[in-house]
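The following block contains the structure:
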């Protein structure tokens, strides 16, 4: 280390939430021109540590120095003034406002007359969006964007702050491969300009590609530090979990049974088209009992829309084509009907569409079955509690008690609760939309294990994912979607990540965006 | 509330038991915040009550029952309003439905010569249907309940004015034509030695039923889920629209019940009755700790909130505080209660 | 009214009594109930008396004036301490207000009821406890009160109609009527009296608006009526604020000089009808006395002088025109 103090040095940081010691005695530093990765399972204390750094948490133990001078932030505004910007994991954009409005929220450029200088705002926004590699109308409302695009807008917003230390919490969780590459270029530019970057991710390949140094947290403590380029994925994973990792993906697959779902040339013509959605425009696929079928596709390929349509939660409109469930044509009138037909759905964004955050784990887990186990419309607490406790135990949800508000659980455990709720329904067909997004390695492995277990019990599974190695590792077959159509199917064993990537990106266009020679799309590496 | 079931914690759980207990104390304090408020206002009322000799006028049993009687109608409405607010809605029509029901009770008995039981049933049905229609308009057509019930308020007032011919319909009791059955006058009476007002009893029964209902019914689970996260509830297979519609039906029926009580207490059904009651009911619900965003709150809180307002009104009146100052004080109490909500530990 | 009032009232009175006070026989009239009224409460000039005044709605200027009149009159009686409660136009609230006075054990109740029937019960409760009750402006049902002081709305309506028919439109003409809040007794009575007076007088009521006693509502209603009616000679408004609103509406279309406006209430306050007449906006108004001063006088007789007061005291109205407006205003404000 040279004589120049690091940009940021955090020393002896500790923070309790009620009964939970989220961080204890953590030392963490970021130097100028350094990308410092922060690793750990969900609930390991990464987010807490970063919320301390970004001024969001003010009652912590320990000290922070910036350029060698001690500081104590009284709020996020203080931290921002000190040059620290955070790109949060949960996107905090105002849905109804435009991209430009969101980026400049609260610090709109003023015109000579004291009004908002919209021209300048939109020009600047255009520049920032080009920098992060997306083409969008700056005047488009954020709610019309896909999650990945929203994520990039958030990144652009952070860039606009000209921060010296940029904290990125899972910045790629909803990005396509090409977008990830673009982001890495942005990071390289930042590093060259002397900024420091804290990079939080669950994707080992990304860490190796982008970071200089990696610190691993477990249960709120620093347990290891690696030079990122020489670190192996299994080293990191073992440090995070604290025990050797068994095989990540399922190894055995059950014997596929009868066909549970068949979709033939499904297309939806919406009554009123919703912006930012890619409705099914010709999808053919089938799922048999005991089979895990993957749905691959870029952002905007119609993955989510396909699952929602099958679950009766899509855009209302006219259907063409056929959907057969257990051989009979069906068209769910809504989720309730779909559930009665034997479907279950784990949505993409658990906080927005999956959970009632302030309600208890019990209420959330049992939500779909309370009416099934009721007698005369009255709750049967014992049955309900037993069922929820079973589900929670089977999924190994870490919690203090069933009465704990689900919002206080870590991301992976929240996801397990949504999963558990759906399993209690004992469905014939389980639809999952990116179930491991923002989930740590350990929880991921458990979710994969469970998927295998559920499949062996004879449930058909349709799994949409943005992670190609997940699809390759977990699925028996993978359907590739492009522009709302199913364009290719890879049979068991034949799906290889590289081929899959090529199919997903199509022949022209985006495939060229990944510069040759670099690790292709980072998520195509072998599993951890 | 959900019972606390201790699950064997896997691996190294981070939560240490003593701290967990502390967290519980905080959450319990907040759960019973409205109760604490009620107790505080009650104590203040005792301290500031005017005396007559050694007698504390506020604490005389007659006065205490006056308080309960005075809040009975608002309380009954507020119970229904709690259901609506729990799903994140609002029902502005309840005051007008009360007026419609009061007029209905008077007209049906006095002019149409109906008996007490058919009158009560028919009026309750009118309130129920009125509420259901509002629920359908809100849920099926996706119109915000604020707008729907604002319109409903106008419609109910209009119907009440048409039905009553624009004027209060006095209720006289007797067996003759143009007279209401004497049994109906019970609503204005007191029982147990002329001590306990009947409307207070009705309020207590309604509140107890609602509390029990929210504790044991599947419907309540669905209701809380819809209020907490409508999208998640829908995707979990909760019949969201049915829950919404039913909730407005309950609110309408309870407003009609309050209207029947109103007519019985005042021996009259007037189309202008209940004006502004919706706001008092909302205030009681909010003071009771139910979140206007939905998904969180209880009828227990609402009952405490209604009683708190009643005690406050009573002690201010007993001290002859100027009517305008009373409004200020009530406003401050509502803001204080809402402010307490903000202190609740966030997730 | 055409209802069989006496039977109904007797029934009501008894029904109320049966459970609460234990009324023994149906024949015993409420008026002869064990009310000692003036006797128990009268402690002569050396007593100290707490008077509770229950007002229906002080947001109305007329009722605010009534309270002011009571306050001013009571200020000259050192034995009196008057408390005020405002029911804000809510019958149920007014019932509570009176109940709270009973808890405070007041010596005399003055009440200006929001509506008659709903307050009958609680007024009777007070009266039966031996508290003298002075009812102002609006009666309660039955006769369980000590004295009623008020003006005769039907008569005022009749006088207004006569004035319009004889003085303003002796040769007939077209009249617009602006009514108060539907269902309120004064609105009905002021209309009934007016209709009696103009019957058979070649006066045509070309339009009727409902202004709910309010100035802005009166204005709105008149806006619409002006569009529909090319010729209007006189606007008969059941109170002054609506008349003022109508005047504003006419003025905005330049027709204020071809129409004459009459109101009722004649409050001696700067924003009241007497000033409006003095300033020429209204042609005439009819004073509707508040009875506040008279109520305090009655209280004095009952409590200090230990005398009886008449069961009913009807206050006369007074026609206010440009000729006497200034004098009436001054007299009413003690000048």
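Residue numbers (full-length UniProt numbering), protein chains in the order written: chain A, 1 to 528; chain B, 1 to 347; chain C, 1 to 335. Glycine residues also receive a C-beta, built at the ideal position from the N, C-alpha and C atoms. The structure displayed is predicted, hence computed values, not measured ones.
Own chain partners of residue 489 of chain A with C-beta closer than 8 Å, once the 5 adjacent residues on each side are dropped: Correct list, in chain order: 285, 477, 478, 479, 480.
If you compare alpha carbons, which of C:100, C:58, C:107 is closest to residue 300 of chain C? Looking from the CA of residue 300 of chain C, the closest CA among C:100, C:58, C:107 belongs to C:107.
Is there contact between the segment 273-281 of chain B and the segment 53-70 of chain B, where contact requires at least three CB pairs shorter than 8 Å? Result no; under three Cβ-Cβ pairs closer than 8 Å.
Would you kindly work out how many angstroms separate the C-alpha atoms of residue 311 of chain C and residue 149 of chain C, rounded to a whole number? Taking the straight line from one Cα to the other gives about 9 Å.
C-alpha gap between residue 367 of chain C and residue 378 of chain A, whole angstroms: Absent from the model: residue 367 of chain C. The displayed extent of chain C is 1 to 335, so no value can be given.
Considering residue 186 of chain C, what are the terminal residues of the alpha helix (DSSP H) in which it resides? For residue 186 of chain C, the enclosing alpha helix (DSSP H) stretches over residues 185-198.
Would you identify the three-state DSSP class for residue 290 of chain B, choosing helix, strand or coil? Residue 290 of chain B falls in the coil class under three-state DSSP.
Identify whether residue 369 of chain C lies in helix, strand or coil by the three-state DSSP scheme. Since the first residue shown for chain C is 1 and the last is 335, residue 369 of chain C is missing from the structure and cannot be characterised.
Distance, Cα to Cα, residue 208 of chain B vs residue 439 of chain A? Using only the alpha carbons, I get a separation of about 44 Å.
Answer with yes or no whether the minimum CB distance from residue 253 of chain B to chain A is below 8 Å. It does not; no Cβ of chain A falls within 8 Å.
Against chain B, which members of the segment 342-361 of chain A pass a CB distance test of less than 7 Å? Listed by position along the chain: 345, 347, 352, 353, 354, 355, 356, 357, 358, 359, 360.
Verify whether the separation of the beta carbon atoms of residue 198 of chain A and residue 231 of chain A is less than 8 Å. No, they are not a contact pair.
With 8 Å as the limit, tell me which residues of the segment 79-92 of chain C have their beta carbon closer than that to any beta carbon of chain E; keep them in chain order. Considering every chain present, this structure includes no chain E. Its protein chains are A, B and C.
Select from B:272, B:304, B:329 the residue whose C-alpha is nearest the C-alpha of residue 161 of chain B. Residue B:272 is the option with its Cα nearest to residue 161 of chain B.
Between which residues of its own chain and residue 240 of chain B is the CB-CB distance below 7 Å, once the five residues before and five after are set aside? So the list reads 226, 230, 233, 234, once near-sequence residues are dropped.
Going along the segment 89-120 of chain C in order, which residues come within less than 9 Å of chain B, judged by CB to CB distance? Listed in sequence order: 89, 90, 91, 92, 93, 95, 96, 97, 99, 100, 101, 102, 103, 104, 105, 115, 116, 117, 118, 119, 120.
Does the segment 214-233 of chain A come close enough to the segment 417-425 of chain A to have 3 or more Cβ pairs within less than 8 Å? With a cut-off of 8 Å on Cβ pairs, the segment 214-233 of chain A is not in contact with the segment 417-425 of chain A, counting fewer than three such pairs.
Can you give me the Cβ contacts of residue 243 of chain C inside the same chain, cut-off strictly under 6 Å, excluding the 5 residues immediately before and after it? When the five nearest sequence neighbours on each side are left out, the beta carbons in the same chain lying within less than 6 Å of the beta carbon of residue 243 of chain C are those of 237, 261, 263, 282, in order along the chain.
Work out the CA separation of residue 238 of chain B and residue 166 of chain B for me, nearest whole Å. Each residue's alpha carbon lies about 44 Å from the other.
Whole-angstrom distance between residue 257 of chain C and residue 385 of chain B, CA atom to CA atom: Because chain B spans 1 through 347 in this model, residue 385 of chain B falls outside it and cannot be assessed.
Run down chain C in chain order and give the residues with a C-beta less than 8 Å from the C-beta of residue 60 of chain B. 103, listed in chain order.
Touch test, the segment 156-168 of chain C against the segment 181-196 of chain C, Cβ-Cβ under 8 Å, three pairs minimum: Yes, the segment 156-168 of chain C is in contact with the segment 181-196 of chain C.
Near residue 331 of chain C, which residues of its chain fall below 6 Å by C-beta distance, leaving aside the five closest residues on each side in sequence? Within the same chain, residue 331 of chain C has no close Cβ partners at all.
Beta-ladder partner(s) of residue 36 of chain A, from DSSP: Beta-bridge pairing links residue 36 of chain A to A:198, A:213.
Do residue 31 of chain A and residue 70 of chain A have their C-beta atoms closer together than 8 Å? No, they are not a contact pair.
What are the complete beta strand (DSSP E) segments, minimum 3 residues, inside the segment 80-142 of chain C? List check, beta strand (DSSP E) in window: 80-86, 108-112, 133-136.
Pull up the distance between the alpha-carbon of residue 322 of chain C and that of residue 309 of chain B, whole angstroms please. Roughly 50 Å separates the two Cα atoms.
Starting from residue 163 of chain B, trace the alpha helix (DSSP H) in both directions and tell me its first and last residue. Where residue 163 of chain B is concerned, the enclosing alpha helix (DSSP H) stretches over 145-164.
Cβ-based burial, residue 204 of chain C [other Cβ within 10 Å; buried from 16]: The residue is exposed, with fewer than 16 neighbouring Cβ atoms inside 10 Å.
Are at least three pairs of beta-carbons, each pair with one atom in the segment 323-339 of chain A and one in the segment 347-366 of chain A, less than 8 Å apart? The segment 323-339 of chain A makes no contact with the segment 347-366 of chain A; the number of CB pairs closer than 8 Å stays below 3.
Does the Cβ of residue 26 of chain C have 16 or more other Cβ atoms within 10 Å, making it buried, or fewer, making it exposed? Interpretation of residue 26 of chain C is limited by its pLDDT of 35, a score under 50 that renders its predicted location unreliable; no figure is taken from the coordinates.
Against chain A: residues of the segment 236-249 of chain B by CB proximity under 8 Å: With the criterion set as a beta carbon lying under 8 Å from some beta carbon of chain A, the members of the segment 236-249 of chain B are 236, 237, 238, 239, in sequence order.
Mind checking whether residue 428 of chain A and residue 407 of chain A have CB atoms under 8 Å apart? No, these two residues do not count as a Cβ contact at 8 Å.
Can you pull the chain B residues whose beta carbon is under 7 Å from the beta carbon of residue 58 of chain C, in chain order? At a beta-carbon threshold of 7 Å, the residues of chain B lying near residue 58 of chain C are 323, ordered along the chain.
With a cut-off of 8 Å on the beta carbons, I'd call residue 317 of chain C and residue 287 of chain C a contact; round off their distance for me. Going by Cβ atoms, the distance from residue 317 of chain C to residue 287 of chain C rounds to 5 Å, so yes, they are a contact pair.
Check whether the segment 182-190 of chain B and the segment 285-304 of chain B are in contact - that is, three or more C-beta pairs closer than 8 Å. No, the segment 182-190 of chain B does not touch the segment 285-304 of chain B.
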